[in-house]
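Residue numbers (UniProt numbering): 1 to 380. Report on the following structure.
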Ligand code: SF4
C-alpha cells in the first residue's frame, strides 16, 4: 500500500529545498553580492550524514582514510538521538561517514530510532559485516535504502580495488553475505527496502562494468550505481587520477545541501572532510539546527560563493582542486539541481512507496545464487 500522505509531505519538503537551492544558483549566476543572511539556511540540509563510526575493516585504494588524522571513535546511541532529534520528518538521514557503519553494534538501533521519528533513512555499507544475525537486525530496523559497495563481479578486480581483502572481507565471503542479505529481505521479510549496489569507477572496475551490471540486473536489486573517483579534498589515495578543477569555477552545492555529524559529535560542512579539518559545531553542545548556521558554517558558504582560495587554503579544504563541483560529478549547485536532484528524489518516491515487485525469474536467480553461495558462509 502506497503511503500517499508521506510521499506528498516528502515532496513538499524537497520542493522547498529545490527552490532555496535554485535561489542560490540564480544569485550566483547573476553575480549578486548578497548580505550575510543569504548564507544561512532556513531549513536543515536535505542530506544529513551521520557517522556511526570512523573505523573501517577495509583498505580501499581510492579512500582517504590512510590520510585521516582523526582518532578512532564510535557514536553512542544517546549522541545519535541528540543529533537527529531536531531534524524534521521527511529529511534524508544517511548512516555513513568515513568508516563502515556496521562496525558499530548500535547502528540498527540508530536506524530504528530515525525511522520511528519519520525520517527517510539510508545506510551505506561495504557488506562485509552482514552476518545472518546483523542482516536480520538491519532489516528489522527498517531503513528505506541500503546501498552496498561492491566494486566488481570479478575476483581480481575486486581484490585490486580493495587491496587484497581476506577472511570475512574476501570476494567470495562478501558476495555471499550480500546475496544472503538480499534473499532474506526479498523472500523472508519483504519490507520493500530499496537496495542499491554501488561501484567506484577505477579503470579496472570500468573494464568489467558490463559483467558487473549484467550480474546485478538479473537479481531483484533496485539500482546498480557507478560512482566516479572522487578527489576527497585531495586526500584520496587516487586523487591524482580524479579529474579536478581545470574548468571555470562553479559553486559547490555540498555545504548547502548536506552536513556530516562525526562519530565524536563534531560537525563538518563538507562530507568529504575525513580528518575533520573544519569544525562548525558539536552536537553534544548545540542543536544541529543551530550548528548549520554557525559563524563557521556561514563563512565557508560565503568563501565558496566568492571563490576565496585563501580561506580554503587556511582551513585545508582544497576546494579549488576538488572534483565534486566540476563536470566529473556535476555537484555544483546548478548541476545538482539539473542532474542529481530529479534522479535522487525520484528514487526517494520509489523508496517511500516501497512496493517494487520483481520478475519471478529474478527471484529464482536470487534463490539459486544465494543457495550456491551459502557454502562460503559457514560460521559467518
Ligand atoms: S568544493 Fe569539494 S572540498 Fe570544497 S566544500 Fe565542496 S565538496 Fe567539500
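From the three backbone atoms N, C-alpha and C, an ideal C-beta is built for every residue, glycine too.
The three-state reading of DSSP puts residue 65 in helix, counting H, G and I together. Looking at the backbone, the Cα of residue 166 and that of residue 378 are separated by about 15 angstroms. In chain order, the residues positioned with their C-beta nearer than 6 angstroms to some heavy atom of the ligand SF4 are 233, 252, 254, 255, 270, 272, 317, 319, 322, 324 and 325. Sequence-distant Cβ neighbours of residue 362 in its own chain, meaning closer than 7 angstroms and more than five residues away, are 218, 219 and 220. For residue 332 against residue 252, the beta-carbon gap comes to about 6 angstroms, under 8 angstroms, which counts as contact. Note on geometry: alpha-carbon atoms of residue 188 and residue 234 lie some 43 angstroms from one another.
The shortest C-alpha to C-alpha distance from residue 96 to any of 368, 290, 259 and 369 is the one to 259.
Annotation for residue 135: 181 and 184 place their beta carbon closer than 6 angstroms to its own, counting only its chain and skipping 5 residues before and after. Residue pairing for residue 92: DSSP places it in a beta bridge opposite 47 and 120. With a 10 Å radius around the Cβ and a threshold of 16 neighbouring Cβ atoms, residue 3 comes out exposed. Under the criterion of beta carbons closer than 8 angstroms, residue 197 and residue 216 qualify as touching, at roughly 5 angstroms. Residue 260: member of the beta strand (DSSP E) spanning 258–261, first to last residue. Contact between the stretch 64–78 and the stretch 268–275 is present: 3 or more CB-CB pairs across the two stretches fall below 8 angstroms. Burial check for residue 289: the Cβ neighbour count within 10 Å stays below 16, so the residue is exposed.
As the crow flies, the alpha-carbon of residue 359 is around 12 angstroms from that of residue 222. Assignment of residue 238 by DSSP, reduced to helix, strand and coil, places it in the coil class. For residue 114, the secondary structure class from DSSP, reduced to helix, strand or coil, is helix. Contact between residue 323 and residue 231 is confirmed by a C-beta separation of about 5 angstroms, below the 8 angstroms threshold. Inside the stretch 302–357, DSSP marks whole alpha helix (DSSP H) runs of 4 or more residues at positions 309–315 and 341–353, from first to last along the chain.
Residue 195 sits in a strand when the DSSP states are folded into three classes. Considering only 18, 86, 286 and 237, the residue with the shortest C-alpha distance to residue 202 is 237. A direct Cα-Cα distance of roughly 26 angstroms separates residue 370 from residue 227.
The C-beta separation of residue 101 from residue 125 comes to about 6 angstroms, placing the pair in contact by the 8 angstroms criterion. The stretch 32–44 makes no contact with the stretch 312–330: fewer than 3 CB pairs, one atom from each, lie closer than 8 angstroms. Under the three-state reduction of DSSP, residue 276 is assigned to coil, being neither helix nor strand. Across the set 304, 336 and 357, the C-alpha of 304 shows the shortest separation from the C-alpha of residue 39. Contact annotation, residue 120 with residue 348: C-beta distance approximately 6 angstroms; criterion of less than 8 angstroms satisfied. Contact between residue 130 and residue 178 holds: CB atoms are separated by about 7 angstroms, below the 8 angstroms threshold.
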